[in-house]
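Taking it in order: structure first as structure tokens, then the write-up.
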Amino acid sequence: MSAGDSSFVSKEKDDVDLSAKETDLSEGEKKGGFGVSDKQLARMMEKDDVHILEKLGGPEGVAKSLKVDPQDGIPGDDADINSRKEIFGSNTYPEKASKGFLVFLWEAFQDVTLFVLMVCAFISLAVGIATEGIESGWYDGAGILVSITLVVMVTAITDYQQSLQFQSLNKEKQKIYINVTRGGRRQKVLIFDLVVGDIVHLSIGDQVPADGVVVESNSLTVDESQMTGESEPKKKGPDEPFLMSGCKIADGGGRMMIVAVGMNTEWGRLMSTLSSDDTEETPLQVRLNSVATMIGKLGLSVAVLVFFILIGKFLYKKNFDFSDWSGGDTLEVVNFFAIAVTIIVVSVPEGLPLAVTLTLAFAMHKMMEQKALVRHLSACETMGSSTTICSDKTGTLTMNEMTVVKAWVSGKVHDDPAGAVKELPKEALEILTEAMCYNTSGDVYVPEGESEPEVSGSPTEAAILKFALAIKTDFKGVRSSGKVLNTEPFSSAKKRMGVIVEKNGKARVHWKGASEIVLGLCDQVTDNQGKPVKLTKEKKDELLKVIEDMAKASLRTIAFGYREVSSPGGDSVPEDKLICQLIVGIKDPPRPGVKNSIKLCHKAGIVVRMVTGDNLTTAQAISKEIGILDQGGEIIEGPKFRELSEDQMRDLVPKLRVMARSSPTDKNLLVKHLRAHGEVVAATGDGTNDAPALHEADIGLAMGIAGTEVAKESADVVILDDNFSTIVNVAKWGRSVYANIQKFVQFQLTVNIVALMLNFISAAITGAAPLTAVQLLWVNLIMDTLGALALATEPPTDELMTQAPVGRHSSLITNIMWRNIFGMAAYQLVVLLVLQFEGRKLLGLGKSDHDTLVLQTVIFNSFVLCQVFNEFNARHTERINIFRNLIGNHVFLGVIAFTVLVQSLLVQVGGFVGQIASTTPLSLKFWAICVGLGFLSMPIAALLKCVPVPRKPMFARSKSARRRDGGSDYHALPGGEQNGGAGSV
1 MSAGDSSFVS KEKDDVDLSA KETDLSEGEK KGGFGVSDKQ LARMMEKDDV
51 HILEKLGGPE GVAKSLKVDP QDGIPGDDAD INSRKEIFGS NTYPEKASKG
101 FLVFLWEAFQ DVTLFVLMVC AFISLAVGIA TEGIESGWYD GAGILVSITL
151 VVMVTAITDY QQSLQFQSLN KEKQKIYINV TRGGRRQKVL IFDLVVGDIV
201 HLSIGDQVPA DGVVVESNSL TVDESQMTGE SEPKKKGPDE PFLMSGCKIA
251 DGGGRMMIVA VGMNTEWGRL MSTLSSDDTE ETPLQVRLNS VATMIGKLGL
301 SVAVLVFFIL IGKFLYKKNF DFSDWSGGDT LEVVNFFAIA VTIIVVSVPE
351 GLPLAVTLTL AFAMHKMMEQ KALVRHLSAC ETMGSSTTIC SDKTGTLTMN
401 EMTVVKAWVS GKVHDDPAGA VKELPKEALE ILTEAMCYNT SGDVYVPEGE
451 SEPEVSGSPT EAAILKFALA IKTDFKGVRS SGKVLNTEPF SSAKKRMGVI
501 VEKNGKARVH WKGASEIVLG LCDQVTDNQG KPVKLTKEKK DELLKVIEDM
551 AKASLRTIAF GYREVSSPGG DSVPEDKLIC QLIVGIKDPP RPGVKNSIKL
601 CHKAGIVVRM VTGDNLTTAQ AISKEIGILD QGGEIIEGPK FRELSEDQMR
651 DLVPKLRVMA RSSPTDKNLL VKHLRAHGEV VAATGDGTND APALHEADIG
701 LAMGIAGTEV AKESADVVIL DDNFSTIVNV AKWGRSVYAN IQKFVQFQLT
751 VNIVALMLNF ISAAITGAAP LTAVQLLWVN LIMDTLGALA LATEPPTDEL
801 MTQAPVGRHS SLITNIMWRN IFGMAAYQLV VLLVLQFEGR KLLGLGKSDH
851 DTLVLQTVIF NSFVLCQVFN EFNARHTERI NIFRNLIGNH VFLGVIAFTV
901 LVQSLLVQVG GFVGQIASTT PLSLKFWAIC VGLGFLSMPI AALLKCVPVP
951 RKPMFARSKS ARRRDGGSDY HALPGGEQNG GAGSV
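If you're matching positions, the sequence shown starts at 1 in full-length UniProt numbering and goes up one per residue.
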């Protein structure tokens, strides 16, 4: 359907008559002055029926009934918008009910080991009260129950908070901005704010935001596979005027009028029948789950051994005589079983998956603040491993604020392009303004009064329209003086766009696009009087030199060509025998800070490659200016690149830094070859045709401002400000996620080893466990939830970007981490076992019950304080200065303060708390000893970090874990460290 063509084809159907109920207007519709009911419109869309549309008077009739001007849209004032929402509904869908806090509380209670502990607690209560009386017999059982409640509450609160964060991020993902015309003004509105009657502008890659009818079609083609299952895109026009929400614009462009929104749309009705599953496990979570399972099995084995050792020792003391069995003996056995179960609870590192969730939630929230929306959780991890970024130029590396600063016109190059064009003869100037006003996807809105005109459209379109306004062009006047017969929308493959305009009985075709491409379609050129003359080889060489000179000045060049056409019929726009009238040079300056960001990437072992549609000279000039094309780097044009043989590509790709005149197909080919070389590739894209490259890349990065909805849905991360520096921040956060998980794993495995070995050795030698069930549950809380909170929320440091990327298949636990884990575990075990077996002598304690309780309290207190100080050590796996950037990490400091406070209360309060925790208040002397033993963890950790570790991994990896190129997992950096240290496992 051409612009202004409102004819449509009637499809006769037998069952399309509207019932009286459907045609009756509601009171609201009558009061609002509307002439059509929402039921009529819904029936029309549901039946996909042109006959109903015909009965309503076609698109013009529906527009009139909905009080819509097809050109200027709805009035768009607040009263009008609110009235339409109230009568026809809003463009929103009912949200899936989110889990409440009580659900998380119930899920936390589902842990089998906690349930077994509860049974033990109730048995302990019953037996304890029966044997020791109500006054003191309930302490042990109640202590276990209180500890379980604390663990469950903290777990539920943490999970609930993370759920709220992810819900907030999911809402951000659903925000889509739509181009509409309201009150004659083209503007962007949020998809949820659309109302019935809105005139929506559609272009390639857009998502149809609601149900509607086409009011203008420029080769509009729609992919309806999501709704109908048909893989072949449909052309929309007079005979196919209906558009369904959720479909994608595959080609062309146009305008639609919304007739149904929200749950009244076909998509809304479909959504009401679907349920969704939001669960998504990242590769790192899967790996950590397997680690947790392995450690859990080890813990189960130790727990079973400890239980049988304790039972065996107990029965041996009784000489296996069951005749004098008492309630106290039953209580003892129950306590043994409770200790064994608690060892399982402590050994199973539930904190590992929790740490990943916390880290991802924290990182995603912070990245959102820094203008990066993560659509897939796994992208956070993968970005930390990226070794190369294939970046578009326009808007990502540059400002995307374009201005025409030079022009070739009338046979000369002018530094004052507007002044030169104004001097053109009247006829030549009319042809040029016609080209600028019709051959555009942009628009100009002139507010009432003396306000500056508002220009919309892509930055290139906006630059040309501003140039048109600078030469005093009446945009609306020119547009209304003729008629568009056909259009060829801009495509990144053809790098040009065309239009046929009929005016005063004459038809003229206009093309504009990449200069050398449009120039190649020309056989004439205008002279200094604006008259067409033959384009000789000498003149063409002269123009190519003009284009090259502009390109060397980092200017993007756009050429304009036209010719008269005698028979403008047909679907195509003629693109030969054109007359070259104008070449403009457009300046798009580099973004501030982009050069430093690229330098930072190089420092971090990430190669930045620029993929652009600009010609070779422009691409070379800009890439040198911002530091991408360095010595030894190669540059090539897309058409030449795709013609290379496999061997030539294999040699070129590692050195390639810039690809000019590239198409989305070339970008996809480059990404494939980079991945074949073992690179972890991040690729940017904004167009619909970029979707394959975004899919192919390890991390697809779509542009939030210039990007189409198709590109965004294909991407893992949406860069909301289109800024390259934001991409670098994403890489930094990706590394931070991995580093934080490593810190927590090191901390937790140290506690696991110490707790398991301490209980096992003590049980084997003394027949008693040094830590009670309640104490072990508190330790479990410290190392799981609280430890994850403290270490998983460390913000990224600049140091991360001085290290090489983490190998894609490298193990999580490096040799350096094993050194820290075993070294610190050995220190803590020695300290605690010495206290266990020699503590009475060393601390000057006797054998009374009180002195025994003091010794047990010192062991418990020392153990907990060792973990507190070791949390500081875990902040940096290699750096000796563990206090760097500490003040800014409020979460870490808060967790440490909370842990120390609760530990102090458990030890010093006495009375009921002391009975439950099996502690007694300690003197200042014993507190100094406990703190001193804990503090010694710090210098010992510093000494450990000076111990060299072998480069060869401690544990062999399977061959499948090698990189695709067979290379090592780490890229050596000159003078830099390797992430995770030597010999990663």
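Every residue gets a Cβ at the ideal spot worked out from N, C-alpha and C, and that includes glycine.
Asked, Found
"For the region 462-473 against the region 418-437, are there 3 or more C-beta pairs whose distance is under 8 Å?", "yes"
"For Lys171, count neighbouring Cβ atoms within 10 angstroms of its own Cβ and tell me buried if that reaches 16, exposed if not.", "exposed"
"Suppose only complete runs of 3+ residues qualify. What are the beta strand (DSSP E) ranges in the region 506-552, listed by chain order?", "506-514, 522-526 and 532-534"
"So the beta strand (DSSP E) Leu701 belongs to, where does it begin and stop?", "Ile699 to Met703"
"Check whether the region 699-713 and the region 740-748 touch, using three or more Cβ-Cβ pairs below 8 Å as the test.", "no"
"The beta strand (DSSP E) spanning Ser491 covers which residue range?", "Lys483 to Ser491"
"Which same chain residues end up closer than 6 Å to Asn861 when comparing Cβ atoms and leaving out the 5 residues on each side of it in sequence?", "Val907 and Cys930"
"Measuring only the C-alpha atoms, how far is Ile500 from Phe490?", "14 Å"
"Let me check understanding here. Comparing Cα to Cα, which of Ile583, Ile916, Ser90 and Glu454 lies closest to Asn264?", "Ser90"
"Unbroken alpha helix (DSSP H) runs of length 4 or more, entirely within the region 760-812: which are they?", "773-781 and 787-792"
"So what does DSSP say about Gly212, is it helix, strand or coil?", "strand"
"Less than 6 Å between C-beta atoms, sequence neighbours within five positions excluded: which residues of the same chain meet that for Val831?", "Leu933"
"Determine the direct distance from the alpha carbon of Val728 to that of Ile753, and round the result to whole angstroms.", "38 Å"
"DSSP on Gly640, reduced to helix/strand/coil?", "The sequence given here has Lys at residue 640, not Gly. In this structure, Lys640 counts as helix in the three-state DSSP scheme."
"Taking just the CA atoms, how far does Val584 sit from Gly561?", "12 Å"
"Using a 10 Å radius around the Cβ and a threshold of 16 neighbouring Cβ atoms, would you call His876 buried or exposed?", "buried"
"Please find out if some non-hydrogen atom of the ligand ATP comes closer than 7 Å to the beta-carbon of Ser219.", "Of the ligands one can find in the structure shown there are none, so the ligand ATP has no counterpart to examine."
"To the nearest angstrom, how far is it from the Cα of Gly312 to the Cα of Val304?", "12 Å"
"Got a sec, what are the start and stop residues for the alpha helix (DSSP H) Lys667 sits in?", "Pro664 to Ala676"
"Excluding sequence positions up to five away, which residues of its chain have a Cβ less than 6 Å from the Cβ of Leu243?", "Val208, Gly212 and Met256"
"Would you mind sorting Glu86 into buried or exposed? The rule is 16 or more other CB atoms within 10 Å of its CB.", "exposed"
"Tell me which residue opens and which closes the beta strand (DSSP E) that Thr557 is part of.", "Leu555 to Val565"
"Could you tell me the distance, in whole angstroms, from the CA atom of Thr403 to the CA atom of Pro453?", "16 Å"
"Does Met402 come out as helix, strand or coil in the three-state DSSP assignment?", "coil"
"Apply the 10 Å Cβ neighbour rule to Asn759 and answer buried if 16 or more other Cβ atoms are within range, or exposed otherwise.", "buried"
"Just the Cα atoms here: how many angstroms apart are Met801 and Ala739?", "12 Å"
"Hey, how far is the Cα of Arg962 from the Cα of Ala682?", "Model confidence at Arg962 stands at a pLDDT of 34, short of 50, so the residue's coordinates are unreliable and nothing is read from them."
"Quick one: is Arg879 buried, meaning 16 or more other Cβ sit within 10 Å of its Cβ, or exposed?", "exposed"
"Give the single residue among Gly530, Gln836, Ile148 and Val333 whose Cα lies nearest to the Cα of Ile309.", "Val333"
"Along the alpha helix (DSSP H) that carries Val478, what are the first and last residues, could you check?", "Phe475 to Ser480"
"Are the beta-carbon atoms belonging to Val611 and Ser391 less than 8 Å from one another?", "yes"
"Starting from Ser714, trace the alpha helix (DSSP H) both ways and give me its first and last residue.", "Glu709 to Ser714"
"DSSP three-state call for Ala3: helix, strand or coil?", "Here the model assigns Ala3 a pLDDT of 44, short of 50, so the residue's position is not dependable and the matter cannot be decided."
"Shortest alpha-carbon distance to Asp686 belongs to which of Lys672, Ala676, Val200 and Ala711?", "Ala711"
"Tell me whether the beta-carbon of Met383 lies closer than 8 Å to the beta-carbon of Ile896.", "no"
"Expressed to the nearest angstrom, what Euclidean distance is found between the alpha-carbon atoms of Val518 and Asp576?", "9 Å"
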